[in-house]
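Below, the structure written as structure tokens:
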């Protein structure tokens, strides 16, 4: 890759993969929990929770990035006490890029898992309960396996979305080469430089290829897992 890309461009590609991986991984536990609550529970404020989960899909990404900065910046509502207690900050760090990507990808992850949970037959869980299985055991041994195709598809979609996140990321952590410059940010920077169309095109091709591979993997693996679960 070093013969085709400059060191900064190659670093942007690898940083994007790193950010997308951690964004997906850290989103999974809360994503499964929120999807389960939305799919199986009725309570006051359920629609409000659903709206908040999907808000990043509707808001301009720059607004989401600004809200993250206000909340998790060094002087933010959460970021200030976090920095005072631990010396850790999300702002202008690759971890902040992962947080921004996770927030933007979260609605896709939750939606895929929720649809999978809603499609699962609740009679199987009811049957297990009549046999004496507790809620935790039912969730781990029946609910999660039934929702596995949706979890897998949602995780890969979240990875793909995180890989291409730009607006919230650049607002929250800026565009620092080698530190916070992800693949979309690197493309944006090249487009501002006359004569850099070729380099930008190479990064665009890499971005398209990674996104297509993720989407194809999502479809193929979800179908295979669904067939395995259904016994076909």
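Numbering (the working numbering), first residue to last: 3 to 234.
Just so you know, even glycine gets a beta-carbon here, dropped at the ideal spot from N, CA and C.
1. With a CB to CB cut of under 8 Å and the five nearest residues on each side skipped, what residues in its chain are close to residue 145?
2. In or out: residue 238 buried (at least 16 other Cβ within 10 Å) or exposed?
3. With distances taken Cα to Cα, identify the nearest neighbour of residue 106 among 17, 50 and 69.
4. If I'm right that residue 95 touches residue 184 with Cβ under 8 Å, what's the distance once you round it to whole angstroms?
5. Helix, strand or coil for residue 199, going by three-state DSSP, please let me know.
6. I need the DSSP call for residue 225, collapsed to helix, strand or coil.
7. Which of the three DSSP states is assigned to residue 204 in this structure?
8. Can at least three beta-carbon pairs, one atom from the region 164 to 173 and one from the region 19 to 28, be found at a separation below 8 Å?
9. Just curious, the alpha helix (DSSP H) that residue 119 is in, first and last residue?
10. By the DSSP assignment, the alpha helix (DSSP H) with residue 23 in it spans what residues?
To lay it out plainly:
1. Closer than 8 Å at Cβ, skipping near neighbours: 38, 119, 122 and 127.
2. In the structure displayed, the chain extends from 3 to 234; residue 238 sits before or after that span and is not available.
3. For the options 17, 50 and 69, the alpha carbon positioned closest to that of residue 106 is the one of 69.
4. In this structure residue 95 is not in contact with residue 184, their Cβ atoms being roughly 13 Å apart against a cut-off of 8 Å.
5. Three-state DSSP puts residue 199 in a helix.
6. In the three-state scheme derived from DSSP, where H, G and I count as helix and E and B as strand, residue 225 is classed as helix.
7. In the structure shown, residue 204 sits in a helix (DSSP, three-state: H, G or I).
8. They touch, by the three-pair rule.
9. Unbroken alpha helix (DSSP H) run through residue 119: 96 to 121.
10. Unbroken alpha helix (DSSP H) run through residue 23: 9 to 42.
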